[in-house]
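Note sheet for the following structure.
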Amino acid sequence: MSIYQYGLALDALGDPTRRAILELLRDGPKPVVELAGALPVSRPAVSQHLRVLKAAGLVADRAAGSRRLYAVDPAGLDVLRAYLEGLWGQALASYQQAAEGQGPSTGGSDEEGER
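Numbering (our numbering), first residue to last: 35 to 149.
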């Protein structure tokens, strides 16, 4: 997944309806009609949200007779997770460097405080 693709995934997850769809798909593949029945939006709106999630690499679909089943794309989530873990790792490393650069607190007083 490229940096642009990460942006698509993060943008897609910025919408509460798309996050709800992803949550519903955690339990397994579902058709649009089932997703729409569990959400306060129309079937066309769910289809549009699914297109965004699919373009972001977070959802995959497959034909099942006359309908399509949508499911979480584990590969897309793995790449997104790795990206977020990389950011977190960098943040922790920066924090560690800052903490080590300050040194431990000695609890002593400075010159002004010794009057």
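From the three backbone atoms N, C-alpha and C, an ideal C-beta is built for every residue, glycine too.
Between the C-alpha atoms of residue 51 and residue 129 there is a straight-line separation of about 34 Å. Rounded to the nearest angstrom, the gap between the Cα atoms of residue 64 and residue 120 is 32 Å. If you draw a straight line from the Cα of residue 95 to the Cα of residue 124, it comes to about 34 Å.
Under the DSSP assignment, residue 73 falls outside any alpha helix (DSSP H); it carries neither an H nor an E label. Put simply, of 41, 44, 69, 42 the residue whose alpha carbon is nearest the alpha carbon of residue 54 is 69.
Look at residue 107 here: in three-state DSSP terms it is coil, with no helix or strand label. If the five residues before and after residue 117 are omitted, its C-beta is found closer than 6 Å to the C-beta atoms of 40, all from its own chain and listed in chain order. With respect to residue 106, residue 59 sits close: the two C-beta atoms are nearer than 8 Å.
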